Each structure stands twice: as C-alpha cells, then as structure tokens.
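Here this note's numbering is used: position 169 in the sequence shown is 219, and no number is missing along the way. For every residue, glycine included, the Cβ atom is placed at its ideal position computed from N, Cα and C. Keep in mind it's a predicted model, so treat the numbers as computed, not measured.
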Amino acid sequence: MSQLMVSICCAAYNHEEYIAAALDGFLMQKADFSYEILVHDDASTDNTAKIIKEYEQNYPDIIKPIYQTENQYSKKVKISSAYNFPRAKGKYIAWCEGDDYWTDPLKLQTQVDYMEAHPECSLCAHAAEQRTADGKLLQYIRPSMHDKSFSVAEIIEGGGGLFATNSLMFPAALVQEVPDFYIDAPVGDAPLMIYLALQGDVYYIDRCMSAYRFMAEGSWSKKTYNNDAKHMEHAARMIAMYQEIDEYTEHRYAAAIHEIALFYEFMIWRLKRDLKQIRSDKYRRFYNELTGKEKAGIFIKAYFPFLLKLWRKIKGK
Numbered sequence: 051m052s053q054l055m056v057s058i059c060c061a062a063y064n065h066e067e068y069i070a071a072a073l074d075g076f077l078m079q080k081a082d083f084s085y086e087i088l089v090h091d092d093a094s095t096d097n098t099a100k101i102i103k104e105y106e107q108n109y110p111d112i113i114k115p116i117y118q119t120e121n122q123y124s125k126k127v128k129i130s131s132a133y134n135f136p137r138a139k140g141k142y143i144a145w146c147e148g149d150d151y152w153t154d155p156l157k158l159q160t161q162v163d164y165m166e167a168h169p170e171c172s173l174c175a176h177a178a179e180q181r182t183a184d185g186k187l188l189q190y191i192r193p194s195m196h197d198k199s200f201s202v203a204e205i206i207e208g209g210g211g212l213f214a215t216n217s218l219m220f221p222a223a224l225v226q227e228v229p230d231f232y233i234d235a236p237v238g239d240a241p242l243m244i245y246l247a248l249q250g251d252v253y254y255i256d257r258c259m260s261a262y263r264f265m266a267e268g269s270w271s272k273k274t275y276n277n278d279a280k281h282m283e284h285a286a287r288m289i290a291m292y293q294e295i296d297e298y299t300e301h302r303y304a305a306a307i308h309e310i311a312l313f314y315e316f317m318i319w320r321l322k323r324d325l326k327q328i329r330s331d332k333y334r335r336f337y338n339e340l341t342g343k344e345k346a347g348i349f350i351k352a353y354f355p356f357l358l359k360l361w362r363k364i365k366g367k
C-alpha cells in the first residue's frame, strides 16, 4: 500500500448544489501515493450531509466525514483548525471548501512533487479560476505570470485573495498548533497564509488547477459582500487582525501591515459613501485603482440612492 501523503480538508455547509463536484475533484486525482478526504459537515439544513454519506458508502477507506448536529461556525469555531487539521494523517494538507472544486487530476501530484523536492517550502499554491455559482468564468486568480517564490511582505499585502484557498498545500505538522491571531481572525485564509509564510518559503505554481466559486449560495462572500454593515464589521476585524499580527511578528513587517490596513480603512470609507475620505491623498492610490463603473456606483449610492433602489426594483421583476 502506498504512503498516505495528503489529507484533503474540506468544510461544507449547505453545499448540496456543489459538494458532489468538490468530492469528484478529489477522487479524480492521479498520484503515486494515497490520500484521505476529511469532510466536515457543519449541520447543514439541506441535503449536503446526505450526499456526503452516499460518497462515504462508496469510498469508505478514503472519505472520512464528521457530521455535526449543531452548527459550529455560529459558535465562532474555526472548523479547519478545530476538526480537520488535528485528525490529518497525511504529511501534507490540501485545502478546499465544499463549494469549490479541483480541475486538474494531477494537482496533488504536482504540488507534492515540488514540496518533497523543497522541504523548506511551508506553503505551495497555484493559479485558479474564479467562477460564478453557476460556473461562468469571471477571471483567473493568478498573482504571477510565472512560477514564483513570494516573500512574507508580499503575502501580507496580497491579502486573502492573493491565492485561491483551494490551491493551498502545506505540511500538516505546521498546523497542529496555530497562533491566536488565526483563531481570533474573521477569516481563515489570510492569517493562515501569513502564519505559514513565517515558517518557511512560499511557492506559487503558475498552472491553473482549481476553480473558486465567487458568491456561491450560502457562501461567506455572498453573506458579507451583500450587506454593508457586515462588510464594514469584517473590514474593522481585519484591521484588528493585522494589528495582532504586527505584535506577533514584533513589527518586522510593519510597512506591509500598514499598507493592507490602509486598504481596509479605505473599504470602510467606501461603504460609508464618504467621497471626501476615499478621494483624499491618504487613500488616493486605492481610489485610482477602481474602475469607472465602481466609481460611478459609489457616486450614485452617495447622492442618488433612490436610483439604486429603482434599478434593484426593476431588476427584481
């Protein structure tokens, strides 16, 4: 029997429309090693758990689920670090949420080959597609046009969107204990990437091997980005997280942390429709990066909110 090399960690909640694609992407992997699939269903209220059980029955030696009877995320529990990372038996962990999926059958083999040849690597990522919930291609998550090593500062400034979460692979031993700033954070990807970057080298493979669904039904992105109050709360908590990371790293990356914190400050002012603030010299570079459509949207929301309500009413018919 080949060595158990990878533990695929998958968190699912109300993903009945997507979970089969995620599991199929795991099961299609072609590798010269074995792997396990650790699925955590967070007390879904739809048929997600039922679908997982069907796969579990067909692949009982590979798929190892946890079925919660009470939702843990609502209790502020970090699902991956609390339930999936600790039970990982593989040398490496590959991360993919239940509403995302892998597209390349050699994804695991490609990343394991690199990490085995480079033991100093603490995080390996790759390019990914960003798609709508129904599968329409939006763009590519591709932070470099070639294979590249990323510095800690680049990881910090890049934020959680630098790499697709479903592209990440890292040594399981590094996440058996995680720092408080990860536990306290409002998200899981950004703080984990920073923590792993502090442990070794980060390497990006410029090969598209997965797909990330943006604004999938029930997803964190849809719940947060469609609610200004929640979006502002999230931005404020992200600033607090980066301040905590600044203390943890003894201010070695203060410049990068200052830059990403400014971005979240800009986001808050943008959500408040404060044109004076977002056009100020302090945030000018972020404002200049907005598209004409985004700038027009801010202007309309600030001065003509009734037009936005009218447009939404017409669109809803």
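**Supposed contact pair Leu218 and Ala175 - C-beta distance, whole angstroms, cut 8 Å** = For the purposes of this step, residue 175 is taken as the residue at position 125 of the sequence shown. For the purposes of this step, residue 218 is taken as the residue at position 168 of the sequence shown. Between Ala175 and Leu218, the beta carbon gap of about 6 Å places them in contact (Cβ cut-off 8 Å).
**Message:** I need the straight-line Cα distance from Asp163 to Ala177, nearest angstrom please.
**Reply:** Numbered from 1 along the sequence shown, position 113 holds the residue referred to as residue 163. Numbered from 1 along the sequence shown, position 127 holds the residue referred to as residue 177. Each residue's Cα considered, the two are about 17 Å apart.
**Item:** Ala286 to Glu315 span [Cα, whole Å]
**Value:** Taking the first residue of the sequence shown as 1, we reach residue 286 at position 236. Taking the first residue of the sequence shown as 1, we reach residue 315 at position 265. In a straight line, the C-alpha of Ala286 is about 8 Å away from that of Glu315.
**Same chain, Cβ closer than 8 Å to Ile255, five either side skipped, listed in chain order** = Sequence index remark: in the sequence shown, residue 255 carries index 205 (1-based). Correct list, in chain order: Thr160, Gln161, Tyr164, Cys174, Ala175, His176, Ala177 and Asp197.
**Message:** Whole angstroms are fine: how far does the CA of Asp82 sit from the CA of Gly104?
**Reply:** As a position in the sequence shown, residue 104 is number 54, starting the count at 1. As a position in the sequence shown, residue 82 is number 32, starting the count at 1. In the sequence as presented, Gly is not what sits at residue 104; that position holds Glu. Within the model, the alpha-carbon separation for Glu104 versus Asp82 is close to 26 Å.
**Asked** Who are Asp256's beta bridge partners in DSSP?
**Response** What you label residue 256 is simply residue 206 of the sequence shown in a count that begins at 1. None, per the DSSP bridge assignment.
**Prompt:** Would DSSP call Phe135 helix, strand or coil?
**Reply:** Numbered from 1 along the sequence shown, position 85 holds the residue referred to as residue 135. Assignment of Phe135 by DSSP, reduced to helix, strand and coil, places it in the helix class.
**Prompt:** Hey, Pro155 and Gln53: beta-carbon distance below 8 Å or not?
**Reply:** Within the sequence shown, residue 155 is the residue found at index 105, counting from 1. Within the sequence shown, residue 53 is the residue found at index 3, counting from 1. For the 8 Å CB-CB criterion, Pro155 and Gln53 do not form a contact.
**Request:** For Phe220, name the three-state secondary structure that DSSP assigns.
**Result:** Along the sequence shown, one-based indexing puts residue 220 at 170. In the structure shown, the three-state DSSP call for Phe220 is strand.
**Message:** Report the start-end ranges of each beta strand (DSSP E) in the stretch 51-115 that is 3 residues or longer and not cut off at the edges.
**Reply:** DSSP assignment within the stretch 51-115 yields the following whole beta strand (DSSP E) runs of 3 residues or more, N-terminal first: 54-62 and 84-91.
**Prompt:** Below 8 Å between beta carbons: does that hold for Ser260 and Asp150?
**Reply:** Locating residue 260 in the sequence shown gives position 210, where the first residue counts as 1. Locating residue 150 in the sequence shown gives position 100, where the first residue counts as 1. Contact check for Ser260 against Asp150 passes: the beta carbons are separated by less than 8 Å.
**Same chain, Cβ closer than 8 Å to Gly211, neighbours up to 5 away in sequence not counted** = As a working note, residue 211 is residue 161 in the sequence shown. Ile191, listed in sequence order.
**Request:** Please classify Phe316: does DSSP put it in a helix, a strand, or coil?
**Result:** Position 266 of the sequence shown, counting from 1, holds the residue named residue 316. DSSP places Phe316 in helix when its eight states are reduced to three.
**Message:** So for His308, helix, strand or coil by DSSP?
**Reply:** The residue given as residue 308 occupies position 258 in the sequence shown. Helix, per DSSP.
**Request:** Counting only runs of 4+ residues fully inside the stretch 152-183, write out the alpha helix (DSSP H) ranges in chain order.
**Result:** Here the runs fully enclosed are 157-167.
**Message:** Here's a check: name, in chain order, each residue in its chain whose Cβ is nearer than 8 Å to the Cβ of Tyr262, leaving out the five neighbours to either side.
**Reply:** Translated into positions along the sequence shown, residue 262 becomes position 212. Once the five neighbours on either side are set aside, the close Cβ partners of Tyr262 are Asp150, Ala178, Glu179, Gln180, Arg181, Ile191, Ala214, Thr215 and Asn216.
**Asked** Is the CB-CB distance between Gly238 and Ser130 below 8 Å?
**Response** Taking the first residue of the sequence shown as position 1, residue 238 is located at position 188. Taking the first residue of the sequence shown as position 1, residue 130 is located at position 80. In contact: Gly238 and Ser130 (Cβ atoms closer than 8 Å).
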